[in-house]
Structure formats: structure tokens, C-alpha cells
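Novice:
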Amino acid sequence: MDGTQFGKPELVDEAFLPSLEVQRLDEDGSLRRRLGPEYIERINPGVETPRYGRIVSIDVTDTAAMVKVEIEWNAASRPITCCC
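In my numbering, the protein residues as written are 426 to 509.
1. Could you say which of Val485, Val492 and Leu445 lies nearest to arginine 458 if we only look at CA atoms?
2. Taking 6 Å as the limit between beta carbons, can you name the residues of its chain near methionine 426, skipping five residues before and five after?
3. Residues bridged to methionine 491 by DSSP?
4. For lysine 433, tell me which candidate among Gly454, Glu466 and Leu456 has the shortest Cα-Cα distance.
5. Starting from leucine 445 and walking both ways along the beta strand (DSSP E), at which residues does that stretch end?
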């Protein structure tokens, strides 16, 4: 989460395989999917994004893992749950 919050795309790139896919539900309930390269290129280097995030769960099987995080951008926004 530090990579996106603190504008350090290289941290996200180092943390995940090229096959990274970020999935989340939009406000209307539709599924939004973003592939790793697209997700990483949207991070503005050096620009901090104030928000609160927490890890909800981590599922590890052999050498693969899935992480579920909850992110809130500001007090007025609803938390967004993402799976990576």
C-alpha cells in the first residue's frame, strides 16, 4: 500500500508478479478489473495520496497468494475492497 499512497510505483512493481490483476466492486456493484501494468502506470511518482488502508486477509497456497485490502480515500468515501 505504500507504493500507491506515497507515489512509489517501483514498490508495487517489486511486490507483485507481472500477472497482477486488481479487482474491485464499483459503487453500482459492477466488477472493475485492472491489469498490473495499467494499475502501476496510474501511480503518480512522488505524489502522495492521503488515505487509510488495511489488509483484510491474505490467502497463501504454495508459492501463490491473494490479498484482500480495504481502502478509504477520505472520510466521505465508502471503503473500497480490492483483491490482488
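No residue lacks a Cβ here, since even glycine has one placed at the ideal position from N, Cα and C.
Nothing here was measured: the structure is a model prediction, and the numbers come from that model.
Specialist: Taking the definition as stated:
1. Considering only alpha carbons, the answer is Leu445.
2. Cβ neighbours of methionine 426 beyond the five flanking positions: Gly478.
3. As a beta-bridge residue in DSSP terms, methionine 491 pairs with Asp484.
4. Ranking Gly454, Glu466 and Leu456 by Cα distance to lysine 433 puts Glu466 first.
5. Element bounds for leucine 445: n/a, residue is neither H nor E.
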